[in-house]
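The sequence shown runs 1 to 206 under full-length UniProt numbering. In what follows, a single structure is set out as structure tokens and then discussed.
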Amino acid sequence: MVDFTMQKSFGILNNLSGEHKSISHHSIRIVPLVIVDMALCKDAVEVFVGLIHADCNEVAKSPFLFPCLSTIQIERLPDRHSFIKVLMQIGAMTNDENVKKILYEMVLQPLRERFMVLYKDQASLETDIVDLMDCFGGIAEAACNYNTHFLFEYLSPILTCSIGLLLSHKESQLITNAVLNLFSDVTRRMGIYSDDRNDMIFLYEV
């Protein structure tokens, strides 16, 4: 049942996620279809989130998890914040180091690399940057007492770059809100669980 539900959810996400960005301007007549597609994607994300909450270990052991993940771009999902949060919870709740390693290589590392590329490119679309920052907020919210330091080390370069974004996009309310939301997610969640003094010093100095 876990495998079937997961394949069904990812099949919807793979077929529909991101389509609204490429077709919404073609004709007013297709706008209702786009809305339906977005709603269907959100439902698929909710099903996957519910599946992990119900049986995280079974999801982590499924042979379909990582092949399914490889078919989508997480930052293009309509509810990417919740989606990546539960992905990180899989890594936190399982004792399988291989699962944690694959999640880092398949999800965390590529997201940060894409963000760094966009950060350095002055021609980057603000919406692309904001989508990634929403993902990082979900990662921060997945912090718990045994993964906070790891996640903080992962997010630290992004937090530093976020200050640079505020300076280079002073007139952008979109970027400003995204940076403030990210720092809110980090301080609210990670501040509770972190017992590393250096992490907290870095955060408040930034």
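Positions of the beta carbon are idealized from the N, C-alpha and C atoms, including for glycine.
Residue i - DSSP class collapsed to helix/strand/coil
i    : result
I72  : coil
M6   : helix
N57  : helix
E126 : helix
S62  : coil
Y146 : coil
S168 : helix
S156 : helix
S162 : helix
Inter-residue CB distance, residue i and residue j (contact presumed, cutoff 8 Å)
i    : j    : result
F83  : F136 : Wrong, their Cβ atoms sit about 13 Å apart, outside the cutoff.
S162 : L182 : 6 Å
A142 : K85  : 5 Å
Range covered by the alpha helix (DSSP H) that runs through residue i
i    : result
V117 : 109-120
M1   : Unbroken run through M1: none, as it is neither H nor E.
N198 : 197-205
N181 : 173-185
M103 : The question names Met, yet the displayed sequence has Leu at residue 103. Segment 97-103, the alpha helix (DSSP H) holding L103.
L77  : That residue, L77, is in no alpha helix (DSSP H); it is neither H nor E in DSSP.
Residue-level contact to chain D via CB, residue i, 8 Å cutoff
i   : result
G50 : In summary, chain D is missing from the structure at hand, where a single protein chain is found.
With 16 other Cβ atoms within 10 Å as the buried cut-off, status of residue i
i    : result
L174 : exposed
L118 : buried
L108 : buried
F4   : exposed
Y146 : exposed
V130 : buried
E75  : buried
G138 : buried
E148 : At residue 148 the sequence reads Thr, which differs from the Glu that was named. It is buried - the Cβ of T148 has at least 16 other Cβ atoms within 10 Å.
D121 : exposed
H81  : buried
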